[in-house]
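Just so you know, the protein sequences line up as chains A and B, in that order. According to my numbering, the stretch in the first sequence is residues 28 to 373, in order. According to my numbering, the stretch in the second sequence is residues 7 to 169, in order. A quick write-up on the structure given underneath.
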Amino acid sequence: MIRFDYTRAATVADALAAARQPGAAFLAAGTNLVDLMKGGVTNPERVIDITRLPGLSGIEATPDGGLRIGALVRNSDVADDPHVAKTYPMVAEALLAGASAQLRNAATVGGNLMQRTRCQYFTDAVSPCNKRQPGSGCAATGHATRIHAVQGWSEHCIATNPSDFCVPLAALDASVEIEGQGGTRSVKLTGFHLLPGDHPERETVLEPGELITALTLPSEAAQFASHARYLKVRDRTSYAFAVVSAAAAMTLDGDRIGQARLAFGGLALKPWRVSEAEAALSGKAPSPEAYAEAARIALDGAKPTGEANAFKIELARRVAVRALTQAAAGTPAHIPALPASPFGIV
Amino acid sequence: MTIPIRLTLNGKPHAIDLDDPRVTLLDLLRERLGLTGAKKGCDRGQCGACTVLVDGRRINSCLQLAASLDGAEVLTIEGLSEGDALHPVQAAFIAHDGFQCGFCTPGQIMSAVGLIREGRAGTDPERIREGMSGNLCRCGAYAGILEAVQDASGRMEHREDAA
């Protein structure tokens with residue numbers, strides 16, 4: 028780890044002022060940042076400790092019936108919040124399917140949104156990587172790309188976003204509250220992460236020095252409470268990133284689907300929500316045929332980066348069908364012993 | 007420039023001047039405070055050998071910068087027993103052979119204490135395995151670890167019911 032200057036910010040204004048200096052990075056729990064600093068993947072000159080900022084650690088109802096989760100709330104505290112578990116069950120299930128209990132106890136909401144890709148050519152700190160060193164090339168392309176993208180990638184970067192949490196959040200139309208020198212702004216989570224295009228070094232819409240202060244869920248997100256699931260397929264049952272995951276939710280209107288939501292993890296450099304597949308489900312009877320059709324539409328245009336990850340396209344279709352089937356069957360009364368696992372008993 | 011921090015460590019207050027912001031809680035414990043119970047396995051948050059409780063919650067001490075923990079309450083394996091009386095989780099690890107080489111054991115025990123406090127697992131083997139997945143044991147003593155956590159969890163729940 029390269030030596031850095033450490034500053035503890037007492038107020039959001041202090042943090043924003045300190046972040047204007049070049050080479051600055053915000054530190055919350057550090058579960059991803061400190062790991063990357065140890066590996067020399069990122070080398071900030073200034074670390075601004077934001078853990079003491081007031082007003083960022085609460086979960087509260089918003090006046091319009093939604094929910095506001097402060098950026099510093101720990102992942103485990105979001106998952107264990109009774110209102111979150113009851114009203115947005117797939118958010119709690121996705122959180123509990125991620126990382127280990129130790130990491131969830133530390134990692135924050137804002138940090139989860141900001142976590143970096145687990146592409147091994149990015150994290151090894153030495154391979155050519157356009158994300159780490161713009162213009163250096165992409166060592167992943169043509170090599171070991173089993174975990175890499177099948178949607179939204181470019182010739183410059185084929186990495187995926189590793190977050191579980193962001194997948195149901197995208198499906199539920201969550202927004203990110205951002206504080207900067209110019210004041211507060213709000214961005215839809217589906218527009219927060221950037222696809223790689225020609226500039227994979229730009230990962231989110233955050234401008235230098237801007238800070239995530241909260242995450243908000245709109246009131247409409249609550250209508251999916253009784254039919255919502257997160258399903259995660261990974262190389263081992265616990266403590267592994269998704270190969271492919273899906274958040275599926277619906278409302279039922281008699282014997283028909285009212286609204287549906289469908290988003291994927293592990294497919295792209297952002298949570299991959301497909302509104303065309305959602306629209307195709309609306310008005311249909313919940314059935315294997317309807318789910319298969321939605322899954323087909325959802326993977327329309329998917330393209331592997333090579334032979335190694337071609338399997339993810341069919342896998343994603345099957346994960347979508349399974350997640351939709353589970354959502355239609357109803358949210359379980361309790362989060363299963365193995366959250367989001369295809370081997371879970373529910 | 008030093009960074010002054012205060013910690014309550016195993017119940018005792020400590021005032022520490024950090025001469026380097028890079029020091030993690032794990033390095034502070036092991037290299038500067040002589041508490042070598044928490045182990046440095048991977049040093050990257052993957053193995054759980056460094057697990058301690060901070061403000062009552064289990065975390066990976068290798069990923070926490072000590073500078074950011076000013077005011078925190080830290081419990082390590084050294085602070086778990088009351089005098090010579092082992093903590094129920096420690097006793098259960100011995101009774102059920104929950105280790106072989108012992109390197110991961112302090113982390114396993116602190117993680118189990120955290121898991122039982124979280125109240126999520128009870129004595130359900132599937133929930134305990136899931137809840138302990140952040141602690142690797144390269145000797146493969148998982149069967150004994152599971153039995154130990156089940157036993158201790160049952161006893162502690164019973165004790166709390168009685169109290």
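Here a beta-carbon is modelled for each residue, glycine too, at the ideal position from N, C-alpha and C.
Practice prompt. Measuring only between beta-carbons, confirm whether alanine 169 of chain B sits less than 8 Å from chain A.
Written response: Legend: pLDDT at alanine 169 of chain B = 39, less than 50; position of this residue unreliable, value from coordinates given subsequently. With 8 Å as the cut-off, alanine 169 of chain B does not count as an interface residue toward chain A.
Worksheet item: For cysteine 193 of chain A versus leucine 222 of chain A, is the C-beta spacing smaller than 8 Å?
Response: No, the pair does not count as a contact, with Cβ atoms beyond the cut-off.
Worksheet entry | chain B contact residues for lysine 65 of chain A, given Cβ-Cβ distances below 8 Å | At a C-beta separation below 8 Å, lysine 65 of chain A has these neighbours in chain B: Asp49 and Arg50.
Discussion item. Strictly by DSSP, which residues pair up with tryptophan 299 of chain A?
Written reply: DSSP lists A/Phe291 as the beta-bridge partner residues of tryptophan 299 of chain A.
Worksheet item: Secondary structure at alanine 169 of chain B, three-state DSSP: helix, strand or coil?
Response: Caution applies to alanine 169 of chain B, whose pLDDT of 39 falls short of 50 and renders its modelled position unreliable; the value that the coordinates give is listed next. In the structure shown, alanine 169 of chain B sits in coil (DSSP, three-state: anything other than H, G, I, E or B).
Discussion item. Residues in the same chain with beta-carbon distance under 6 Å from proline 195 of chain A, minus the five sequence neighbours each way, listed in chain order, please.
Written reply: Non-local beta-carbon contacts of proline 195 of chain A in its own chain, meaning distances under 6 Å to residues more than five positions away in sequence, involve Met117, Val118, Ala121, Tyr257 and Ala274 in chain order.
Worksheet item: For histidine 20 of chain B, which of helix, strand or coil comes out of DSSP?
Response: Strand.
Fill in: Below-8 Å beta-carbon distance, isoleucine 170 of chain B vs any chain A residue
Outside the displayed range of chain B (7 to 169) lies residue 170 of chain B, so it cannot be described from this structure.
Worksheet entry | Beta bridge counterpart(s) of serine 181 of chain A as assigned by DSSP | DSSP lists A/Cys184 as partners of serine 181 of chain A.
Worksheet item: Leaving out the 5 sequence neighbours to the left and right, which residues in its chain are closer than 7 Å to alanine 152 of chain A when beta-carbon positions are compared?
Response: Here the set comprises Gly66, Gly67 and Val68.
Worksheet item: Per DSSP, which one or two residues make a beta bridge with glutamate 204 of chain A?
Response: Paired residues: A/Ser213 and A/Ala241.
Worksheet item: Which of helix, strand or coil does DSSP assign to aspartate 280 of chain A?
Response: Collapsing the DSSP output to three states places aspartate 280 of chain A in a strand.
Discussion item. As a quick exercise: from B/Cys145, B/Leu152, B/Glu132 and B/Gly150, pick the residue whose alpha carbon is nearest that of phenylalanine 370 of chain A.
Written reply: Of B/Cys145, B/Leu152, B/Glu132 and B/Gly150, the residue nearest in Cα terms is B/Glu132.
Worksheet entry | For threonine 111 of chain B, the first and last residue of its enclosing alpha helix (DSSP H) | It spans 111-124 - the alpha helix (DSSP H) in which threonine 111 of chain B sits, taken as one unbroken run.
Worksheet item: Tell me which same chain residues have a C-beta within less than 7 Å of the C-beta of glycine 17 of chain B, skipping the five on either side of it?
Response: Only Gly85 meet the Cβ criterion.
Practice prompt. Indicate whether at least one CB of chain A lies closer than 8 Å to the CB of aspartate 130 of chain B.
Written response: Any Cβ of chain A closer than 8 Å to the Cβ of aspartate 130 of chain B would place that residue at the interface, and such an atom is present.
Item to complete: List the whole-angstrom C-beta distance separating histidine 226 of chain A from threonine 332 of chain A, where the pair is believed to meet the contact cut-off of C-beta under 8 Å.
Response: So it is not a contact: roughly 18 Å between Cβ atoms.
Fill in: Spatial distance of glycine 104 of chain B from lysine 297 of chain A (CA atoms)
Distance between the alpha carbons of glycine 104 of chain B and lysine 297 of chain A is about 41 Å.
Worksheet item: Ordered along the chain, which non-local residues of its own chain (more than five positions away) have a Cβ less than 7 Å from that of glycine 137 of chain B?
Response: Closer than 7 Å at the Cβ level, and outside the excluded window around glycine 137 of chain B, lie Leu121, Arg126 and Ala127.
Practice prompt. Might you give, ordered along the chain, the residues of its own chain that have their beta carbon closer than 6 Å to the beta carbon of proline 313 of chain A, omitting 5 neighbours on each side?
Written response: Ile284 and Ala355, listed in sequence order.
Practice prompt. Pull up the distance between the alpha-carbon of valine 177 of chain A and that of arginine 344 of chain A, whole angstroms please.
Written response: C-alpha separation (whole angstroms): 12 Å.
Practice prompt. Evaluate contact between the segment 87-102 of chain A and the segment 129-136 of chain A, counting only Cβ atoms and requiring at least three cross-stretch pairs below 8 Å.
Written response: Using a Cβ-Cβ distance cut-off of 8 Å, the segment 87-102 of chain A and the segment 129-136 of chain A are in contact, since at least three pairs of beta carbons, one from each stretch, lie closer than that value.
Worksheet item: Considering only residues of the same chain and omitting the five flanking positions on each side of leucine 15 of chain B, which have a CB-CB separation below 6 Å?
Response: By the criterion of a C-beta distance shorter than 6 Å, leucine 15 of chain B is surrounded in its chain by Val80, once the five residues flanking it on both sides are discounted.
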